[in-house]
Amino acid sequence: MTQKRMFTLLALFVTMALLVTGCGGTQSAQSDNKGPVKIGFFAPVTGPAAADGESVLNAAKLAVETINNDGGINGRKVELVNYDDALDSKQAVSIAQKLTTKDGVVAVVSGSYSGTTRASAKIYQDAKIPMISAYALHPDITKTGNYMFRQSFVGPVQGKAGAKVAVDMLNAKKISILQVDIDFGKTLAAGFTEKAQQLGAEIISVDSFSTGEKEFTPVLTKIKQLNPDLIYIPGYAAECSQIVRQAKELGITAKILGTEGADSTVQFLGVAKDAANGVIITTNMNRDSDRKLVQDFIKDYNQKYGYKPDMVAASTYDAFMVLANVMKTKGTEPDTIRQGLTEVKDYEAVTGLIKGYNQLGEVKKSVQVQIVKDAEFHYFGEISDDDIITPPSE
7 MTQKRMFTLL
17 ALFVTMALLV
27 TGCGGTQSAQ
37 SDNKGPVKIG
47 FFAPVTGPAA
57 ADGESVLNAA
67 KLAVETINND
77 GGINGRKVEL
87 VNYDDALDSK
97 QAVSIAQKLT
107 TKDGVVAVVS
117 GSYSGTTRAS
127 AKIYQDAKIP
137 MISAYALHPD
147 ITKTGNYMFR
157 QSFVGPVQGK
167 AGAKVAVDML
177 NAKKISILQV
187 DIDFGKTLAA
197 GFTEKAQQLG
207 AEIISVDSFS
217 TGEKEFTPVL
227 TKIKQLNPDL
237 IYIPGYAAEC
247 SQIVRQAKEL
257 GITAKILGTE
267 GADSTVQFLG
277 VAKDAANGVI
287 ITTNMNRDSD
297 RKLVQDFIKD
307 YNQKYGYKPD
317 MVAASTYDAF
327 MVLANVMKTK
337 GTEPDTIRQG
347 LTEVKDYEAV
357 TGLIKGYNQL
367 GEVKKSVQVQ
377 IVKDAEFHYF
387 GEISDDDIIT
397 PPSE
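Every number in the working numbering is 6 more than the matching position in the sequence shown, counting from 1.
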């Protein structure tokens, strides 16, 4: 064998070896057009937010089932790769590392809160894996980078919408704020305060409480003495249910305005019961919508899990459906998914018409306003003013 022929054969062997090697690893899972399309998911299934975690995991499973029953992604099945973050930021970071280095996912949906979503966002951004935050509302999540998107309203948008409801729809002049002392409460309260003052209302008191707190009589007694027209409560369902019960026991007559945090059929309505009647919330879901898409989701979720879905479930479901729509039309590579999300326009979702995502990845859609009647949420109004629902772009 000549030296030239030996060199040619050696070069051919090396080339084949490199080709075989290049077919392995995470990229193979992302680009194989025969295998399943893997979507990562994390939620607080255990720990202090387990009720929301269960709700969103149910919604994620229902979404994947719906997508696959409808033919998957151009014939490929969607596979849910889900983890429990237990509302722990360290666990959320560990999960992000697994999803981006070992699991071969092409996109991720956060079914968790702002703290855990913020803590892990940079890992997804650095790995160039698009992530949609289903309902966490802190502004810093999307500011992490161009692979970050949000399915629900960023905090300032919902806060401003709440102020519009309080002042223009409920005629409140004097307002007390009772907020949960974490990102969720602080962000919503800041947006609410700014807009309420612009509209001419006076914030006469601001008080905070911790997650897990159960005794609100002292602070409510103080608020009662101030005699506000309205109490704004950016908090979660467990605490809000206790607040409205104790407010009724104290004979407080001020109107109560909550947020999506109280949008829970189990933790809020199921616990507050009659005390919740008349409470109004800003949220991401209109149960009384006449759109078939909405009513089918409510019916399917209720039949499958035995209770009606809440806002976090609807937002999570929509995040998966948006991803599926993009992947069907644009492809399943992370880069094409990211680009496809930036091009979404007028997409019909359970939580309303998604007008699009801006350069920060913030969604633009109307804010829903619900009122509790006979232990159920019902339509009260909708905030669609452009100056309120247009999210910040920087």
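Virtual Cβ for every residue (Gly too), placed ideally from N, Cα, C.
Which residue spans inside the stretch 67-95 form an unbroken beta strand (DSSP E) run of at least 3?
The stretch 67-95 contains, as complete beta strand (DSSP E) runs of 3+ residues, the segments 84-90 (chain order).
Chain-order list of residues whose beta-carbon lies under 8 Å from that of A195 (same chain, five-residue window excluded)
The residue labelled residue 195 in the question sits at position 189 within the sequence shown. Take A195, set aside five residues on each side of it, and the residues of its chain with a beta-carbon closer than 8 Å to its own are G165, I183, Q185, V212, Y238, P240, in chain order.
Under DSSP, the beta strand (DSSP E) around Y238 begins and ends at which residues?
Taking the first residue of the sequence shown as 1, we reach residue 238 at position 232. Element bounds for Y238: 236-239.
Taking the continuous alpha helix (DSSP H) assigned at K361, which residues delimit it?
Counting from 1 along the sequence shown, the entry for residue 361 is found at position 355. That residue, K361, is in no alpha helix (DSSP H); it is neither H nor E in DSSP.
Coarse secondary structure for K189, derived from DSSP in three states:
Numbered from 1 along the sequence shown, position 183 holds the residue referred to as residue 189. Contrary to the premise, residue 189 reads as Asp rather than Lys in this sequence. It is helical.
From K201, R344, D352, G358, residue whose alpha carbon lies closest to that of I1
A query on residue 1 cannot be resolved here, the shown segment of the chain reaching from 7 to 400 and no further.
Close-in-space but distant-in-sequence residues of the same chain around K351 (CB under 6 Å, 5 per side omitted):
Against the sequence shown, residue 351 aligns to sequence position 345. Counting only Cβ-Cβ distances below 6 Å, and skipping sequence neighbours, we find G362.
Are K44 and D109 closer than 9 Å when you measure CB to CB?
Locating residue 44 in the sequence shown gives position 38, counting from the first residue. Locating residue 109 in the sequence shown gives position 103, counting from the first residue. The answer is yes: Cβ separation under 9 Å.
Q157 - DSSP class collapsed to helix/strand/coil
For the purposes of this step, residue 157 is taken as residue 151 along the sequence shown, with counting starting at 1. If DSSP states are grouped into helix, strand and coil, Q157 belongs with coil.
Apart from the five residues on each side of it in sequence, which residues of its chain come closer than 7 Å, Cβ to Cβ, to R124?
Walking along the sequence shown from the start, residue 124 turns up at place 118. Spatial neighbours of R124 in its own chain (CB-CB distance under 7 Å, excluding positions within 5 residues in sequence) are listed in chain order as H144, D146, I147.
Give the single residue among E219, K201, V250 whose Cα lies nearest to the Cα of D393.
Position 387 of the sequence shown, counting from 1, holds the residue named residue 393. Sorting E219, K201, V250 by C-alpha distance to the C-alpha of D393 places K201 at the top.
One or two residues paired with L299 in a DSSP bridge
Locating residue 299 in the sequence shown gives position 293, counting from the first residue. None, per the DSSP bridge assignment.
Distance, L256 Cα to I360 Cα:
As a working mapping, residue 360 is identified with position 354 in the sequence shown. As a working mapping, residue 256 is identified with position 250 in the sequence shown. The alpha-carbon separation between I360 and L256 amounts to approximately 42 Å.
List the whole-angstrom C-beta distance separating V111 from G46, where the pair is believed to meet the contact cut-off of C-beta under 8 Å.
Here residue 111 refers to the residue found at position 105 when the sequence shown is read from its first residue. Here residue 46 refers to the residue found at position 40 when the sequence shown is read from its first residue. Right, the Cβ-Cβ distance comes to about 4 Å (below 8 Å), so this counts as a contact.
Can you tell me whether S158 is buried or exposed, with buried defined as 16 or more other CB within 10 angstroms of its CB?
The count along the sequence shown starts at 1 and reaches residue 158 at position 152. By the 10 Å Cβ count, S158 comes out buried.
Have a look at F222 and E71 and give me their C-alpha separation to the nearest angstrom.
Sequence index remark: in the sequence shown, residue 222 carries index 216 (1-based). Sequence index remark: in the sequence shown, residue 71 carries index 65 (1-based). Taking the Cα positions, F222 is about 42 Å away from E71.
Looking at the strands, I want to know which residues DSSP matches up with G1.
Residue coverage of the chain in this structure runs from 7 to 400, which leaves residue 1 outside it and unanswerable.
Given a threshold of 16 other Cβ atoms within 10 Å of its Cβ, counted over all protein chains shown, does K261 qualify as buried or as exposed?
For the purposes of this step, residue 261 is taken as the residue at position 255 of the sequence shown. Classification of K261: buried, given that the 10 Å Cβ count is 16 or more.
Ordered list of alpha helix (DSSP H) runs contained in the stretch 213-264, each at least 4 residues
Within the stretch 213-264, the complete alpha helix (DSSP H) segments at least 4 residues long are 223-232, 243-255, listed from N- to C-terminus.
Does the beta-carbon of N308 have 16 or more other beta-carbons within 10 angstroms, so that it is buried, or is it exposed?
Residue mapping note: residue 308 aligns to position 302 of the sequence shown, counting from 1. With fewer than 16 other Cβ atoms within 10 Å, it is exposed.
Using 8 Å for Cβ pairs, my map puts G267 next to A243. What's the rounded Cβ distance?
Here residue 267 is taken as the residue at index 261 of the sequence shown, counted from 1. Here residue 243 is taken as the residue at index 237 of the sequence shown, counted from 1. Correct: roughly 6 Å between the Cβ atoms.
Any idea what DSSP makes of L184, helix, strand or coil?
Indexing the sequence shown from 1 puts residue 184 at position 178. In the structure shown, L184 sits in a strand (DSSP, three-state: E or B).
For L63, which residues from the same chain have a beta carbon less than 8 Å from its beta carbon, with the 5 sequence-adjacent residues on both sides left out?
Working through the sequence shown from its first residue, we reach residue 63 at position 57. For L63, same chain residues with a beta-carbon under 8 Å away, outside a window of 5 residues either side, are F47, A49, V51, N88, G117 in chain order.
Segment limits, beta strand (DSSP E) that includes M333:
Numbered from its first residue, the sequence shown carries residue 333 at position 327. It is not in any beta strand (DSSP E) - M333 instead sits in the alpha helix (DSSP H) that spans 317-336.
Can you tell me whether DSSP reads S390 as helix, strand or coil?
Locating residue 390 in the sequence shown gives position 384, counting from the first residue. Residue state for S390 is assigned as coil, using DSSP reduced to three classes.
DSSP three-state label for K371, please.
One-based indexing of the sequence shown puts residue 371 at position 365. Residue state, collapsed to three classes: coil.
Are L329 and A113 closer than 9 Å when you measure CB to CB?
If you number the sequence shown from 1, residue 329 lands on position 323. If you number the sequence shown from 1, residue 113 lands on position 107. Result yes, Cβ atoms of L329 and A113 sit closer than 9 Å.
Tell me whether L347 is buried or exposed, calling it buried when 16 or more other Cβ atoms sit within 10 Å of its Cβ.
Counting from 1 along the sequence shown, the entry for residue 347 is found at position 341. Burial of L347 is indicated by the presence of at least 16 other C-beta atoms within 10 angstroms of its C-beta.
Would V277 and S247 qualify as a contact pair, given that the criterion is a beta-carbon distance under 9 Å?
Here the question's residue 277 lines up with position 271 in the sequence shown. Here the question's residue 247 lines up with position 241 in the sequence shown. It is a contact, given that the beta carbons lie within the stated cut-off.
When the Cα of S95 is compared with those of L105, A127, R82, L86, which residue comes out closest?
In the sequence shown, residue 95 corresponds to position 89, counting from 1. The residue with the shortest Cα to Cα distance from S95 is A127.
Helix, strand or coil for V272? Go by DSSP, reduced to three states.
For the purposes of this step, residue 272 is taken as the residue at position 266 of the sequence shown. Collapsing the DSSP output to three states places V272 in a helix.
Rounded straight-line distance, which links the Cα of Q301 to that of T229:
Counting from 1 along the sequence shown, the entry for residue 229 is found at position 223. Counting from 1 along the sequence shown, the entry for residue 301 is found at position 295. Note that residue 229 corresponds to Ile in the displayed sequence, not to Thr. So the two alpha carbons sit approximately 39 Å from each other.
Can the beta-carbon of T288 be found less than 9 Å from the beta-carbon of Q203?
For the purposes of this step, residue 288 is taken as residue 282 along the sequence shown, with counting starting at 1. For the purposes of this step, residue 203 is taken as residue 197 along the sequence shown, with counting starting at 1. For T288 and Q203, no; Cβs fall outside 9 Å.
Taking only the alpha-carbon atoms, compute the straight-line gap between L263 and V84 and give it to the nearest angstrom.
Here residue 263 corresponds to residue number 257 of the sequence shown, with the count starting at 1. Here residue 84 corresponds to residue number 78 of the sequence shown, with the count starting at 1. Those two C-alpha atoms are separated by around 39 Å.
Any idea which residues DSSP pairs E208 with across the strands?
Taking the sequence shown and counting its residues from 1, the one referred to as residue 208 is at position 202. DSSP, once it has assigned bridges, lists K180 as partnering E208.
Please list the terminal residues of the continuous beta strand (DSSP E) segment that includes Y353.
Mapped onto the sequence shown, residue 353 falls at position 347. Residues 353-355.
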